[in-house]
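Everything in the sequence shown is counted per my numbering, starting at 260 for the first residue and increasing by one.
Just so it is clear, CB atoms sit at the ideal spot from N, CA and C, and this is done for glycine as well.
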Amino acid sequence: MKEFPITIMRKNPLRPNWLFQLSSDKLQSLYILRKLEQKEFDHLKELLLEKLEQEITTISGKNRSDLVGIKRKIFNDSISKIPLEELSFDLKERVVRLKDCKKKLDYIKLEIEQVIENEYLKEREIIYKVSKNPNIRNGICFLSSSAYSRYRRYISQLPIVHNKKNRNFDYYLLKILCRATLKLSPFSTLTSSEILCHSSLKGIKQKKNSVQINYKLLLEVFEKLKYFNDFLMTLHFYMNDTVTFSGNQVVYTASKSRNDSSKVFETLDTFYKFPKTKFLEDLYYKIGSVEKISYKNLLSFIADYYPSKESQIIRSLLENKMLLSVEYLSESSHILEDLLKWISDKNSKNPIVNKVSLLLLESKRLLEIINYNFYILKFRFNHSKTVFGKYVNY
């Protein structure tokens with residue numbers, strides 16, 4: 260059978276017009292001006308510091324202390340408080356130039372604040388108007404039930420009478436609107452996709468279908484199965500790249516799933532903080548220096564600190580994302596087959612694992628039935644075209 264290409268087309272529910280309405284030419288000009296003025300300020304400050312350091316090395320006593328005080332004022336951003344008395348001509352000239360530049364910079368910053376304040380309500384009204392789009396409403400409802408409750412309160416009042424909570428909701432809406440307008444992924448809550456099936460008929464026969472692909476359930480199954488002994492013992496681990504020490508604490512960031520979202524898997528950035536212990540410090544330098552470590556070697560290392568609690572410690576480190584597993588489930592079109600193969604390779608005798616495997620196999624069987632029916636439909640179409648020499652609609 261001759262194969263014809265399939266094209267996936269993505270359609271955004273929002274046009275980008277609203278984004279252009281948020282822009283302010285005056286604000287952009289002021290930001291450019293501030294950037295140039297800041298560059299000039301930094302240059303003048305550097306010249307002044309160079310001259311100060313030269314003169315500090317050549318004098319002593321009170322005059323030297325005064326110059327050191329001026330240097331301190333520069334670093335404390337107290338430029339306006341620098342006295343001009345008893346300074347050399349060259350030094351005084353540089354201080355005056357720096358003060359003038361600082362005044363210009365402060366004036367530009369003040370003007371920027373005034374423009375932002377004037378534009379604030381106008382831009383909030385634009386966000387309010389665009390967010391009433393039915394596709395946005397449905398997307399928020401699917402993403403988060405708590406966010407949808409806030410959304411309903413938000414649109415029930417005009418922006419001018421919004422309280423602080425409603426005003427803060429602007430930022431959530433802004434992220435949603437940007438995703439709905441600019442998101443590149445064809446598989447999203449906020450975008451619809453169409454499958455175009457090309458045939459040998461003149462022109463293109465379009466079959467339009469709504470596409471919703473969600474791997475969250477499969478990724479969660481993989482994540483849960485990792486903690487079963489049959490799987491845990493086969494894993495390799497590495498240290499979270501963001502782990503660092505801050506005083507007497509271990510701090511790092513990792514992604515986790517939202518409790519109120521039924522769609523996405525581990526997209527919420529979370530900050531973790533734990534007291535620094537000798538074990539965590541030694542673990543950091545032990546694992547941080549290698550590409551990966553096996554379960555057996557990690558078990559042996561932990562046994563020196565927490566004998567008889569090794570597996571419990573490993574699970575805790577994994578759950579809190581300080582350690583990550585090298586093995587992962589790739590988000591591809593054959594993700595279900597990959598998960599089933601991964602489970603099968605472990606030969607687990609655990610009854611829970613066997614039940615999960617049977618459910619996944621049943622899902623795979625149903626998908627194959629759907630694909631087979633589509634194949635039969637296509638075959639009937641091609642056969643009818645051959646027999647009757649014309650298009651027959653099924």
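Looking at the structure shown, is K461 part of a helix, part of a strand, or coil, going by DSSP? Taking the first residue of the sequence shown as position 1, residue 461 is located at position 202. Residue placement at K461 is flagged as unreliable, the pLDDT there being 49, under the threshold of 50; the coordinate-derived value follows with that caveat. Coil, per DSSP.
Answer yes or no: do F524 and L598 have a C-beta to C-beta separation smaller than 8 Å? Looking up residue 524 in the sequence shown gives position 265. Looking up residue 598 in the sequence shown gives position 339. No.
Report yes if the C-beta distance between V612 and F533 is below 8 Å; otherwise report no. Reading the sequence shown from its first residue, position 353 is the one you call residue 612. Reading the sequence shown from its first residue, position 274 is the one you call residue 533. No, Cβ-Cβ distance for V612 and F533 is not below 8 Å.
When we look at the beta-carbon of P275 and count the other beta-carbons within 10 Å, is it buried (16 or more) or exposed? If you number the sequence shown from 1, residue 275 lands on position 16. The residue in question, P275, is exposed, as its Cβ has fewer than 16 Cβ neighbours within 10 Å.
Could you tell me which of L350, K551 and L417 sits nearest to I315, measuring between CA atoms? Counted from its first residue, the sequence shown places residue 315 at position 56. Taking only the C-alpha atoms, the option nearest I315 is L350.
Rounded to a whole number of angstroms, what is the C-alpha to C-alpha distance between L484 and R517? Counting from 1 along the sequence shown, the entry for residue 484 is found at position 225. Counting from 1 along the sequence shown, the entry for residue 517 is found at position 258. Their Cα atoms are separated by approximately 20 Å.
Does the Cβ-Cβ distance between E497 and T512 come in under 8 Å? In the sequence shown, counting from the first residue as 1, residue 497 sits at position 238. In the sequence shown, counting from the first residue as 1, residue 512 sits at position 253. Before going on, a small fix: residue 497 reads as Tyr here, not Glu. The answer is no: Cβ separation not under 8 Å.
Do the segment 579-593 and the segment 491-507 make contact, defined as three or more Cβ pairs closer than 8 Å? yes
Quick one: residues in its chain with C-beta nearer than 8 Å to the C-beta of I318, no 5 flanking neighbours on either side, listed in chain order? Here residue 318 refers to the residue found at position 59 when the sequence shown is read from its first residue. These residues qualify, in order along the chain: L326.
Compare the C-alpha of Y543 against each of D528, F504, K475 and T529 and name the closest. For the purposes of this step, residue 543 is taken as residue 284 along the sequence shown, with counting starting at 1. Checked all of D528, F504, K475 and T529; the closest Cα to Y543 is F504.
Spatial neighbours of I594 within its chain, please: CB distance less than 7 Å, with the 5 preceding and 5 following residues excluded, ordered by chain position. Position 335 of the sequence shown, counted from the first residue, corresponds to residue 594. Within the same chain, I594 has close Cβ partners Y474, L477 and L588.
Between K310 and R353, which are expected to be in contact by the criterion C-beta below 8 Å, what is the C-beta distance as a whole number of angstroms? Here residue 310 refers to the residue found at position 51 of the sequence shown. Here residue 353 refers to the residue found at position 94 of the sequence shown. Yes, K310 and R353 are in contact; Cβ-Cβ is about 6 Å, under 8 Å.
Below 8 Å between beta carbons: does that hold for T526 and S514? If you number the sequence shown from 1, residue 526 lands on position 267. If you number the sequence shown from 1, residue 514 lands on position 255. Yes. Within cutoff.
Based on DSSP bridge pairs, tell me the residues matched to F655. Outside the shown range of the chain, which is 260 to 653, sits residue 655, and nothing can be said about it.
Residue range of the unbroken beta strand (DSSP E) whose run includes S584: Within the sequence shown, numbered from 1, the residue matching residue 584 stands at position 325. Segment L582 to S584, the beta strand (DSSP E) holding S584.
Can you list the alpha helix (DSSP H) stretches of 4 or more residues lying completely in the segment 284-337, in chain order? 284-315 and 320-334
Let's test the definition: count the other Cβ atoms within 10 Å of the Cβ of F334 and tell me whether it reaches 16, buried, or not, exposed. The residue you call residue 334 lines up with position 75 of the sequence shown. So F334 counts as exposed.
For L286 versus I386, is the C-beta spacing smaller than 8 Å? Counting from one through the sequence shown, the residue named residue 286 turns up at place 27. Counting from one through the sequence shown, the residue named residue 386 turns up at place 127. Not in contact: L286 and I386 (Cβ atoms no closer than 8 Å).
Just the Cα atoms here: how many angstroms apart are I561 and S570? Taking the first residue of the sequence shown as position 1, residue 561 is located at position 302. Taking the first residue of the sequence shown as position 1, residue 570 is located at position 311. Near 9 Å, if we compare the C-alpha coordinates of S570 and I561.
Going by other Cβ atoms of all chains shown within 10 Å of its Cβ, with 16 needed for buried, is L557 buried or exposed? Taking the first residue of the sequence shown as 1, we reach residue 557 at position 298. Classification of L557: buried, given that the 10 Å Cβ count is 16 or more.
By DSSP, does I341 sit in helix, in strand, or in coil? Locating residue 341 in the sequence shown gives position 82, where the first residue counts as 1. Here I341 sits in coil by DSSP.
Would a C-beta distance cut-off of 8 Å place E305 and C360 closer than the cut-off? Counted from its first residue, the sequence shown places residue 305 at position 46. Counted from its first residue, the sequence shown places residue 360 at position 101. No; because the gap between Cβ atoms is not below 8 Å, this pair is not in contact.
Could you give the DSSP three-state label for D563: helix, strand or coil? What you label residue 563 is simply residue 304 of the sequence shown in a count that begins at 1. In this structure, D563 counts as coil in the three-state DSSP scheme.
Quick one: what does DSSP say S553 is sitting in, helix, strand or coil? Numbered from 1 along the sequence shown, position 294 holds the residue referred to as residue 553. Of the three classes helix, strand and coil, the one that applies to S553 here is strand, per DSSP.
Residue of N392, F300 and S404 minimising C-alpha distance to N271: Working through the sequence shown from its first residue, we reach residue 271 at position 12. Checked all of N392, F300 and S404; the closest Cα to N271 is N392.
How about L364 and F428: are their beta carbons less than 8 Å apart? One-based indexing of the sequence shown puts residue 364 at position 105. One-based indexing of the sequence shown puts residue 428 at position 169. No, these two residues do not count as a Cβ contact at 8 Å.
Residue burial classification, V615 (beta-carbon count within 10 angstroms, cutoff 16): For this step, residue 615 is matched to residue 356 along the sequence shown. Looking at its Cβ environment, which holds 16 or more other Cβ atoms inside 10 Å, V615 is buried.
I367 and L289: beta carbons closer than 8 Å? Numbered from its first residue, the sequence shown carries residue 367 at position 108. Numbered from its first residue, the sequence shown carries residue 289 at position 30. In contact: I367 and L289 (Cβ atoms closer than 8 Å).
For the segment 364-428, which segments carrying the alpha helix (DSSP H) assignment without a break, of at least 4 residues, lie completely within its bounds, in sequence order? 393-402 and 404-414
With distances taken between CB atoms, is the gap from I338 to L308 smaller than 8 Å? Working through the sequence shown from its first residue, we reach residue 338 at position 79. Working through the sequence shown from its first residue, we reach residue 308 at position 49. It is not a contact, given that the beta carbons lie outside the stated cut-off.
Using beta-carbon positions only, say whether V509 and K535 come within less than 8 Å of one another. If you number the sequence shown from 1, residue 509 lands on position 250. If you number the sequence shown from 1, residue 535 lands on position 276. Contact: yes.
Check whether the Cβ atoms of F489 and N609 sit closer than 8 Å, and answer yes or no. Counting from 1 along the sequence shown, the entry for residue 489 is found at position 230. Counting from 1 along the sequence shown, the entry for residue 609 is found at position 350. At residue 489 the sequence reads Asp, which differs from the Phe that was named. Yes. Within cutoff.
Beta strand (DSSP E) containing F496: first to last residue? Counting from 1 along the sequence shown, the entry for residue 496 is found at position 237. Per DSSP, F496 belongs to the beta strand (DSSP E) from H495 to M498.
Euclidean distance between Cα positions of N425 and L402: As a working note, residue 425 is residue 166 in the sequence shown. As a working note, residue 402 is residue 143 in the sequence shown. Rounded to the nearest angstrom, the two C-alpha atoms are 19 Å apart.
Take Q416 and list the residues in its own chain whose beta-carbon comes closer than 6 Å to its own, dropping the five residues that flank it on each side. Within the sequence shown, numbered from 1, the residue matching residue 416 stands at position 157. Correct list: empty, nothing qualifies.
Strictly under 8 Å for the Cβ-Cβ distance: is I329 near chain D by that measure? Of the protein chains in this structure there is only one, and it is not chain D.
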